[in-house]
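See below for the structure under consideration.
Numbering (my numbering), first residue to last: 1 to 559.
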């Protein structure tokens with residue numbers, strides 16, 4: 001499938017929509033365009049539900065100061081509420097948006113959390129545009145990355161049929177199928193097979209799903225590939241060349257369907273200077289009594305948002321007094337617990353963290369079941385600060401400007417910076433410039449296996465894997481890598497998981513219950529784990545905004 005790439009900086013909504021339309025047309029399903037926009041657009045503005053100032057004097061607790069909790073607080077403040085954000089981290093802002101700067105100038109940085117926004121993710125763009133954040137394309141027009149699979153090194157422009165097909169036990173029909181058609185059959189066939197209105201359910205959380213879509217929710221990725229008739233050899237070939245899919249063979253097929261349906265990996269964008277600029281923009285608005293984003297609201301009607309870092313939530317309780325909610329929390333480094341009473345609560349804690357919080361009385365049974373068992377995947381990223389960009393050199397191991405190299409080695413993928421792709425003509429962009437290489441980005445079991453190695457062993461493994469993928473002599477990178485940093489999200493104590501990936505059956509048995517309020521419509525939920533877009537900023541922002549709206553609806557309906 002030909003995919004049009006448009007290197008537009010700071011695209012307008014019209015430009016983004018045109019990119020999405022072009023991509024869908026080339027995929028043979030232009031009819032999905034309106035469905036995708038409808039389901040990924042932000043919920044209505046909260047002031048269409050209640051008037052500014054309506055909730056003055058109402059106390060709202062937001063549990064978790066990641067991007068979902070921030071979005072909820074930002075919206076509720078428009079109604080005049082007094083909001084307290086309890087965030088466990090005292091060292092940084094952003095939750096699983098984690099930009100790490102290797103230099104004091106903020107030019108050399110790595111994204112250890114969220115790192116891209118597709119053009120189709122309308123809610124993400126709503127907030128990025130609202131805060132006037134500059135964006136640049138993260139998609140390279142120069143496809144020259146490596147595939148290193150089955151001890152075979154090739155460029156992505158080389159013939160997979162020639163170099164890799166002979167390495168795998170394919171059926172005669174598979175061997176006669178061009179590589180592009182085999183990919184299309186594996187990843188696009190099922191989407192086109194469903195009616196457009198049914199496909200839209202891939203972006204929805206519903207109490208029940210259509211008979212055509214429902215069976216797919218109970219299959220893992222591997223089970224689906226087997227069900228459509230692919231041999232184990234073909235599955236090994238696909239998962240070797242697409243190792244991120246290979247890492248997710250045991251998760252629900254609905255997860256990959258959702259991403260493929262809305263073209264999440266085509267025409268992606270970055271926030272210039274780092275993704276942390278988005279949570280910082282929310283945070284700065286909380287510090288301002290009259291933020292520019294509220295220009296249409298009289299200052300006297302704007303609420304407050306108190307951001308409390310270093311506050312660990314330890315308990316959530318339903319009060320016998322007027323349906324209020326009691327939240328117990330502990331300040332970092334202190335043994336004493338504090339308690340605060342709220343009229344409403346937005347719980348934006350990952351369920352991996354909520355599992356240790358005391359809840360009395362219990363939430364509904366399905367919600368508690370989801371807290372116990374909903375699947376969180378691991379992600380491991382290791383960044384190298386390189387004193388020169390060996391991958392950009394005009395050499396057999398170089399000529400790469402952005403993009404991703406894939407491998408079946410433990411590192412799974414290497415991500416290259418794309419900033420030299422669009423250098424102005426009067427600016428010198430040299431391979432001898434320093435740069436940040438994501439030397440390993442892997443998921444699930446591979447992340448656990450690499451991330452849990454002792455630090456020196458892990459660094460050596462990753463360095464040698466990168467050398468192997470590029471065809472470099474052993475030790476070549478010793479003089480090039482000045483420093484490195486690893487983040488393994490299973491080992492981050494405030495998160496204990498990178499993102500949710502439903503296991504087969506979990507979307508239809510648990511996801512809808514995860515979205516429902518508790519304690520007589522006093523506790524509402526937000527976060528990527530309850531969204532249709534797991535693992536994306538889109539899901540966090542959408543559910544944060546939706547939770548704020550649900551509180552506004554509930555407040556308006558009160559006796």
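Backbone N, C-alpha and C fix where the C-beta goes; we use that ideal spot for every residue, glycine too. Bear in mind that the values here come from a model prediction, so they are computed numbers and not experimental data.
_Quick check: what's the CA-CA separation for residue 179 versus residue 185?_
Taking the first residue of the chain shown as position 1, residue 179 is located at position 179. Taking the first residue of the chain shown as position 1, residue 185 is located at position 185. Taking the straight line joining both Cα atoms gives about 10 Å.
*With 16 as the cutoff for other CB atoms within 10 Å, does residue 362 come out buried or exposed?*
As a working mapping, residue 362 is identified with position 362 in the chain shown. Residue environment analysis places residue 362 among the exposed positions, since fewer than 16 neighbouring C-beta atoms fall within 10 angstroms of its C-beta.
_Residues in the same chain with beta-carbon distance under 8 Å from residue 9, minus the five sequence neighbours each way, listed in chain order, please._
The residue given as residue 9 occupies position 9 in the chain shown. Excluding positions up to five away in sequence, the list reads 134, 135, 136, 137 and 422.
*Near residue 16, what residues of its chain come up, given a Cβ to Cβ distance below 6 Å and the 5 sequence neighbours on each side ignored?*
Taking the first residue of the chain shown as position 1, residue 16 is located at position 16. The residues are 119.
*Taking the runs of the alpha helix (DSSP H) that are 4 residues or longer, which of them lie wholly in the segment 408–469?*
As far as the segment 408–469 is concerned, its whole alpha helix (DSSP H) runs of at least 4 residues are 444–451.
*Compare the Cα-Cα distances from residue 171 to each of 235, 376, 488 and 144 and report the closest residue.*
The residue given as residue 171 occupies position 171 in the chain shown. Considering only alpha carbons, the answer is 235.
*Do you know whose CA, among 382, 505, 513 and 296, lies nearest residue 366's CA?*
If you number the chain shown from 1, residue 366 lands on position 366. When each option's Cα is compared against that of residue 366, the closest is 513.
*Give the secondary structure of residue 41 by DSSP, where H, G and I count as helix, E and B as strand, and everything else as coil.*
As a working note, residue 41 is residue 41 in the chain shown. Annotated three-state conformation of residue 41 is coil, per DSSP.
*Helix, strand or coil for residue 402 per DSSP?*
Walking along the chain shown from the start, residue 402 turns up at place 402. Coil.
*Own chain residues within Cβ distance below 7 Å of residue 446, not counting five before or after*: Locating residue 446 in the chain shown gives position 446, where the first residue counts as 1. Taken in chain order, the residues that qualify are 247, 410 and 412.
*Would you kindly work out how many angstroms separate the C-alpha atoms of residue 452 and residue 398, rounded to a whole number?*
Position 452 of the chain shown, counting from 1, holds the residue named residue 452. Position 398 of the chain shown, counting from 1, holds the residue named residue 398. Each residue's alpha carbon lies about 30 Å from the other.
*Quick one: what does DSSP say residue 562 is sitting in, helix, strand or coil?*
There is no way to answer for residue 562, as the model of the chain reaches only from 1 to 559.
_For residue 86, three-class secondary structure by DSSP_ = Against the chain shown, residue 86 aligns to sequence position 86. Residue 86: strand per DSSP, three-state reduction.
*Inter-residue spacing [alpha-carbon to alpha-carbon] between residue 219 and residue 504*: Walking along the chain shown from the start, residue 219 turns up at place 219. Walking along the chain shown from the start, residue 504 turns up at place 504. Residue 219 and residue 504: Cα-Cα distance of roughly 5 Å.
*Put residue 574 into one of helix, strand or coil per three-state DSSP.*
This structure cannot speak to residue 574, because the chain is shown only from 1 to 559.
*Apply the 10 Å Cβ neighbour rule to residue 478 and answer buried if 16 or more other Cβ atoms are within range, or exposed otherwise.*
On the chain shown, residue 478 is found 478 positions in, with the first residue counted as 1. Exposed, by the Cβ-count rule.
*With DSSP as the reference, please indicate the residues paired to residue 15 in a beta bridge.*
By 1-based counting over the chain shown, the position of residue 15 is 15. Answer is none; residue 15 lacks a bridge partner.
*Starting from the Cα of residue 250, find the closest Cα among 50, 450, 444 and 533 and give me that residue.*
Position 250 of the chain shown holds residue 250. If we check each option's Cα against that of residue 250, 444 comes out closest.
_Report the start-end ranges of each beta strand (DSSP E) in the segment 63–108 that is 3 residues or longer and not cut off at the edges._
Qualifying beta strand (DSSP E) stretches, in chain order: 82–86 and 99–101.
_Is it buried or exposed, residue 263, if we count other Cβ atoms within 10 angstroms and call 16 or more buried?_
In the chain shown, residue 263 corresponds to position 263, counting from 1. Classification for residue 263: buried.
_Residues near residue 204 in its chain [Cβ-Cβ closer than 7 Å; skip 5 each side]_ = Position 204 of the chain shown, counting from 1, holds the residue named residue 204. Here residue 204 has 39 and 532 as same chain residues with Cβ atoms under 7 Å from its own Cβ, once five neighbours each way along the sequence are excluded.
*Please report how far the alpha carbon of residue 463 lies from the alpha carbon of residue 515, in whole angstroms.*
Numbered from 1 along the chain shown, position 463 holds the residue referred to as residue 463. Numbered from 1 along the chain shown, position 515 holds the residue referred to as residue 515. Using only the alpha carbons, I get a separation of about 43 Å.
_Restricting to Cα atoms, I'd like to know which of 13, 491, 32 and 239 is closest to residue 202._
Here residue 202 corresponds to residue number 202 of the chain shown, with the count starting at 1. Residue 32 is the option with its Cα nearest to residue 202.
*Let me know the alpha helix (DSSP H) ranges lying completely inside the segment 461–537, each 4 residues or longer, listed in chain order.*
Within the segment 461–537, the complete alpha helix (DSSP H) runs of at least 4 residues are 512–515.
*Quick one: grab the DSSP three-state call for residue 6.*
In the chain shown, residue 6 corresponds to position 6, counting from 1. Note on residue 6: pLDDT 49, under 50, position unreliable in the model; no value is reported.
*With a 10 Å radius around its C-beta and 16 neighbouring C-beta atoms as the bar for buried, classify residue 511 as buried or exposed.*
Start at 1 with the first residue of the chain shown, and residue 511 comes out as number 511. The residue in question, residue 511, is buried, as its Cβ has 16 or more Cβ neighbours within 10 Å.
*Cα-Cα, which of 144, 43 and 58 is closest to residue 418?*
Mapped onto the chain shown, residue 418 falls at position 418. Comparing alpha-carbon positions, the option among 144, 43 and 58 lying closest to residue 418 turns out to be 144.
*Since residue 437 contacts residue 384 with CB under 8 Å, what's their CB separation in whole angstroms?*
Here residue 437 corresponds to residue number 437 of the chain shown, with the count starting at 1. Here residue 384 corresponds to residue number 384 of the chain shown, with the count starting at 1. Yes, they are in contact, since the Cβ atoms of residue 437 and residue 384 sit about 5 Å apart, within 8 Å.
_Does residue 60 come out as helix, strand or coil in the three-state DSSP assignment?_
Translated into the one-based positions of the chain shown, residue 60 becomes position 60. In this structure, residue 60 counts as strand in the three-state DSSP scheme.
_Nearest to residue 124 (by Cα), restricted to the options 158, 197, 37 and 57_ = Position 124 of the chain shown, counted from the start, is the residue given in the question as residue 124. Of the residues 158, 197, 37 and 57, the one whose Cα lies closest to the Cα of residue 124 is 37.
*asked:* Between which residues of its own chain and residue 86 is the CB-CB distance below 6 Å, once the five residues before and five after are set aside?
replied: Counting from 1 along the chain shown, the entry for residue 86 is found at position 86. Here the set comprises 63, 308, 311, 313 and 329.
*Is the beta carbon of residue 94 sitting closer than 8 Å to the one on residue 276?*
Residue mapping note: residue 94 aligns to position 94 of the chain shown, counting from 1. Residue mapping note: residue 276 aligns to position 276 of the chain shown, counting from 1. The answer is yes: Cβ separation under 8 Å.
_For a quick check, are the C-beta atoms of residue 374 and residue 506 less than 8 Å apart?_
By 1-based counting over the chain shown, the position of residue 374 is 374. By 1-based counting over the chain shown, the position of residue 506 is 506. Yes.
*Measure the Cβ-Cβ separation of residue 233 and residue 189 and say whether it is below 8 Å.*
Position 233 of the chain shown, counting from 1, holds the residue named residue 233. Position 189 of the chain shown, counting from 1, holds the residue named residue 189. Result no, Cβ atoms of residue 233 and residue 189 do not sit closer than 8 Å.
*With distances taken between CB atoms, is the gap from residue 61 to residue 342 smaller than 8 Å?*
As a first step, residue 61 must be located in the chain shown, where it is residue number 61. As a first step, residue 342 must be located in the chain shown, where it is residue number 342. A distance below 8 Å separates the beta carbons of residue 61 and residue 342.
*Tell me, which residues are paired with residue 270 by DSSP?*
By 1-based counting over the chain shown, the position of residue 270 is 270. As DSSP reads the structure, residue 270 sits in a beta bridge with 136.
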